[in-house]
Amino acid sequence: MQSGIRVWIYSGDTDYIVSVTTSRYAIDKIKTPIKTSWYPWYFQGEVGGYAIEYENLTFVTVRGSGHFVPGYQPARALTMFSSFINGTLPPQYLK
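Per the working numbering, the sequence shown starts with residue 193, numbered consecutively.
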């Protein structure tokens, strides 16, 4: 991660294979500084999930999704992936 490459980790909040708690625990072990604290991100006027930004690492949850996020929540997944491609965080405000 010190190479400057952006890394995103994401979990569906109903994923029982790799849970949000497990992902958070693993990320906490890295001990990287937080840039943007936990916040809800929005999709079509609803909370799409939650996100936290660290140095060169972003962790995003997707509300209502299991292990295969694009299969469970395709539109929310597109919003999340578009944010990654555009180099932005998922939308923090209702639109």
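Glycine included, each C-beta is placed from N, C-alpha and C at the ideal position.
Quick caveat: nothing in here was measured; it's all calculated off a predicted structure.
In the three-state scheme derived from DSSP, where H, G and I count as helix and E and B as strand, residue 242 is classed as strand. By the 16-neighbour rule on beta-carbons within 10 angstroms, residue 225 is exposed. Note on residue 274: under 16 other CB atoms within 10 angstroms of its CB, so exposed under the neighbour-count rule. With a threshold of 16 other beta carbon atoms within 10 Å, residue 233 meets it and is buried.
Here DSSP, grouped into helix, strand and coil, assigns residue 282 to coil.
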